[in-house]
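Only one structure is covered here, and it is reproduced in the block below.
Number of protein chains: 2
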Amino acid sequence: MPEIVPLEWTGEALRILDQTKLPQEQAVVVARTYVDVANAIKGMQVRGAPAIGVAGAYAMALAAKAVATSDVRRLQGYLAEAGQQVTAARPTAVNLAWAVKRVLKAAANAASVGEVRQRLEGEATAIHREDIAANRRMGVLGSELLPKEGTVLTHCNAGALATGGYGTALGVIRAAWEKHRNLRVLATETRPLLQGARLTAWELTQMGIPTHLVVDSAAGSLMARGEVACVVVGADRIAANGDTANKIGTYTLAVVAHENNVPFYVVAPTSTLDLSAATGESIPIEERSPDEVLLWGARMIAPKGMAVRNPAFDVTPARYISAIITERGVVRPPYGEGLQKLVAE
Amino acid sequence: MPEIVPLEWTGEALRILDQTKLPQEQAVVVARTYVDVANAIKGMQVRGAPAIGVAGAYAMALAAKAVATSDVRRLQGYLAEAGQQVTAARPTAVNLAWAVKRVLKAAANAASVGEVRQRLEGEATAIHREDIAANRRMGVLGSELLPKEGTVLTHCNAGALATGGYGTALGVIRAAWEKHRNLRVLATETRPLLQGARLTAWELTQMGIPTHLVVDSAAGSLMARGEVACVVVGADRIAANGDTANKIGTYTLAVVAHENNVPFYVVAPTSTLDLSAATGESIPIEERSPDEVLLWGARMIAPKGMAVRNPAFDVTPARYISAIITERGVVRPPYGEGLQKLVAE
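The following block contains the structure:
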């Protein structure tokens, strides 16, 4: 199976597999400036918390290359501002802010402009490499929790496309599949932007894992009918108590899973942890354009001028989550203690 | 406000407002034979449990007109067969079978072909008239349960379009709105066929009731945020114990409402009761074409050949339902007793 490469660093540019065009078209956006990257993040040509973290890190490497100066202080001032712009591209996934902070910190005490550039690029590629390694490790750890056979439900896309490569939730499914070849997947289409239908279905099809697609609202009743062995999702930000922000609809799936005693697993690298957020209440929830709901291509699905609520994420309280799978280990409730320990290690 | 007329009987044909074309186009299908009506029901040009009941009754009147015979027995044989075909058009909503049975029973001991025809037409128009009256009565009864202000969540379309006229769930919202003018509605788009975005949004806009549209999976988190005062939905079949089949996604909304202490009301005429079904387990759930999920016009939203599960309905166990509002009264748990009493009256 050819690996899906969502992001490719050329040394001069970041090549982004355009996720708004998949699966019909495999187009690549070549981002040559940090603004190009920020726009690709805003426009969701690259999406998924770990992936936008990696992209954000490379954006800073591009920013440093663009300034014609030999004054390292001037460069640092410029980078601080660029970092704010990149971070602001999307508010909910903490990985973006985390990655920008991490690369800037790596370059903080560099002595020259050349060294700043080198360190930024080095740290960005390290973040990328580490993210793929983290995914593979989560795959190994998470596959232990999955049943040897049965149907795994996943929501949105937490696959190779959503990460530096390999995938979080889909990485776990993939690792389990490679062991037993006896799983089936139920993928929610994930309105409004259909990441499940367009991206997850595409990735699973390429892997040869038997998959059925459902509309989002059908998942609950299939759980009630006993057709789902467990739910596996990614995350955009995990608070200190385990409350988890993820794609809109995750909360609802978690409540219904809980009601039906279906295990509900969150898979995310430690870069998704935000221990400065005590609970999910302080996680900012991005509200996106009504047009995402109202328009299908050029066609309007509702009466003209229809008002819309379009929160892109929701928060799943920790009490509905059976385990959080990270690259440093599997955390079970109570999460407060377990997550603190992970980070301290 | 002009009344929305989903079905109009001309004496020669049934004029059906084509619900697959709304809201872009207000086209009318003129059904001149019972097969035309059955096809319009299958194709969902007319949908909604009470509406397909009314349409099914008129289908029988059309069937009787089509046979050139003076032999009343031959006619009855033909009608029995036509009735089976009409009933088979959609399996979940019991109103269709109920209406066909009722008109056939009304004509059962007619002495002549002319009398059969007259009785069928008379009974069909009675069913239509009674359905509108039932909706208005449910509106009055249900409006007492709604808060004087706040947001009411509804799913799919249980409006004038889904009935003989006026609406069940939307009838209740409309009656409450007419009293206090202080409600807002949150309408789920209702994938795959978007009855919420296309039909409910259209009806509420015409009534001037402030409405926001959301993707189906956003409703749960808005309940969790305390933004929903109550949920009001229609029904396709209610079992003797109160278990309720309704549009896919209803079960999930009910579970999340229950989890958040949000009252969950089902609004349906007594023609939707099926006391021969002890529980929801014996209600047949229609599984519709994958294309409903996969295609948007001519455009495919998933990889080619993607497998799909497309159950059109789900069953909400009675324990999640706060009350069932019928034209004969509001029933509270335990439903077994209350529903029996309603029917006995």
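Chains A and B, in that order, are what the protein sequence lines are. Residues 87 to 431 in the working numbering are what the first sequence lists, from first letter to last. Residues 87 to 431 in the working numbering are what the second sequence lists, from first letter to last. Cβ atoms here follow ideal geometry from the backbone N, Cα and C, with glycine treated the same way.
Quick one: what's got a C-beta closer than 7 Å to A124 of chain B's C-beta in the same chain, skipping five residues either side?
-> A145, Q171, V172, A175
Cβ-Cβ distance between T435 of chain A and A321 of chain A below 9 Å = The structure shown does not extend to residue 435 of chain A, since chain A spans only 87 to 431, so no value can be given for it.
Roughly how many angstroms separate the alpha carbons of E413 of chain A and A354 of chain A, rounded to a whole number?
-> Within the model, the alpha-carbon separation for E413 of chain A versus A354 of chain A is close to 8 Å.
Would you report the Cα separation of A210 of chain A and E89 of chain A, rounded to the nearest angstrom?
-> 21 Å
With DSSP run on the structure shown, which of helix, strand or coil describes V377 of chain A?
-> The amino acid occupying residue 377 of chain A in the given sequence is Asp; Val does not appear at that position. D377 of chain A falls in the helix class under three-state DSSP.
Since L247 of chain B meets chain A, which of its residues come closer than 7 Å, beta carbon to beta carbon?
-> Going along chain A, no residue has its Cβ under 7 Å from L247 of chain B, so there is no contact; the nearest lies around 13 Å.
Is the CB of T178 of chain A under 9 Å away from at least one CB in chain B?
-> no
Would you give the residue range spanned by the alpha helix (DSSP H) that S213 of chain B belongs to?
-> Looking at the sequence shown, residue 213 of chain B is not Ser but Ile. Its alpha helix (DSSP H) spans residues 199 to 229.
Should L299 of chain B and M392 of chain A be called a contact, given that it needs their Cβ atoms to be closer than 9 Å?
-> yes
Contact set between the segment 256 to 280 of chain A and chain B, restricted to residues whose Cβ is under 8 Å from the partner | L272, T274, E275, T276, R277, P278, L280
Taking only beta carbons into account, state which residues of the segment 296 to 313 of chain B come closer than 8 Å to chain A, listed in chain order.
-> P296, T297, H298, L299, V300, V301, D302, S303, A304, A305, G306, S307, L308, A310
In chain A, what lies closer than 7 Å to D122 of chain B by C-beta?
-> Residues of chain A passing the Cβ test: none, with the nearest at roughly 28 Å.
Presumed contact (8 Å Cβ cut-off) between M386 of chain A and L279 of chain A, rounded CB distance = Wrong, their Cβ atoms sit about 17 Å apart, outside the cutoff.
Quick one: using the 10 Å Cβ neighbour count with 16 as the cut-off for buried, is A152 of chain A buried or exposed?
-> With fewer than 16 Cβ atoms within 10 Å of its Cβ, A152 of chain A is classed as exposed.
Taking P349 of chain B as the reference, give the member of B:Q112, B:A135, B:Y406 with the closest Cα.
-> B:Y406
Where do the ends of the alpha helix (DSSP H) carrying V91 of chain B lie?
-> It is not in any alpha helix (DSSP H) - V91 of chain B carries neither H nor E in the DSSP assignment.
With distances taken from CA atoms, which of B:T330, B:N347, B:A388, B:E373 is nearest A364 of chain B?
-> When each option's Cα is compared against that of A364 of chain B, the closest is B:T330.
Which same chain residues, not among the five before or five after L285 of chain A, have their C-beta less than 7 Å away from its C-beta?
-> Q105, L108, N243, G245, L247
Please list the residues of the segment 386 to 407 of chain B that have a C-beta atom closer than 7 Å to any C-beta atom in chain A, keeping them in chain order.
-> I387, A388, P389, M392, A393, V394, R395, P397, D400
For the segment 239 to 286 of chain B, which segments carrying the alpha helix (DSSP H) assignment without a break, of at least 4 residues, lie completely within its bounds, in sequence order?
-> 255 to 266
Does the Cβ-Cβ distance between S303 of chain A and T291 of chain B come in under 9 Å?
-> One thing to note: S303 of chain A has its Cβ no nearer than 9 Å to the Cβ of T291 of chain B.
In chain B, which residues lie with their C-beta within 7 Å of the C-beta of T173 of chain A?
-> The contacting residues do not exist; T173 of chain A stays about 24 Å from chain B at best.
Sort A:V301, A:N346, A:H266, A:A179 by Cα distance to K333 of chain B and report the nearest one.
-> A:V301
Buried or exposed for D217 of chain A, please, with buried defined as at least 16 other CB atoms from any protein chain shown within 10 angstroms of its CB.
-> buried
Relative to chain A, which residues along the segment 334 to 357 of chain B have a C-beta separation below 7 Å, given in chain order?
-> I334, G335, Y337, T338, V341, V342, E345
For G383 of chain B, go through chain A and note every residue whose CB falls closer than 9 Å to its CB, in chain order.
-> When 9 Å is used as the limit between beta carbons, G383 of chain B is near these residues of chain A: W382, G383, R385, in chain order.
Through-space distance from V379 of chain B to V226 of chain A, alpha-carbon basis = 33 Å
Opening and closing residue of the alpha helix (DSSP H) in which G415 of chain A lies = Premise fails: G415 of chain A lies in the beta strand (DSSP E), 415 to 417, not in any alpha helix (DSSP H).
Determine the DSSP secondary structure at K191 of chain B, reduced to helix, strand or coil.
-> helix
So the alpha helix (DSSP H) K128 of chain A belongs to, where does it begin and stop?
-> 120 to 128
Measure the C-alpha to C-alpha separation of R374 of chain B and V258 of chain B and round it to an integer number of angstroms.
-> 29 Å
With V186 of chain A and G169 of chain A assumed to form a contact (beta carbons below 8 Å), what rounded beta-carbon distance in angstroms separates them?
-> 5 Å
With hydrogens ignored, establish whether the beta-carbon of T286 of chain B is closer than 8 Å to any heavy atom of the ligand MN.
-> Absence of the ligand MN is noted for the structure shown, with no ligands found whatsoever.
According to DSSP, is V301 of chain B helix, strand or coil?
-> coil
At what residues does the alpha helix (DSSP H) containing V317 of chain B begin and finish?
-> Looking at the DSSP string, V317 of chain B is not in any alpha helix (DSSP H); the run it does join, the beta strand (DSSP E), is 316 to 319.
Cutoff 6 Å; reference I410 of chain B; Cβ partners in own chain excluding five residues on either side | V352, V417
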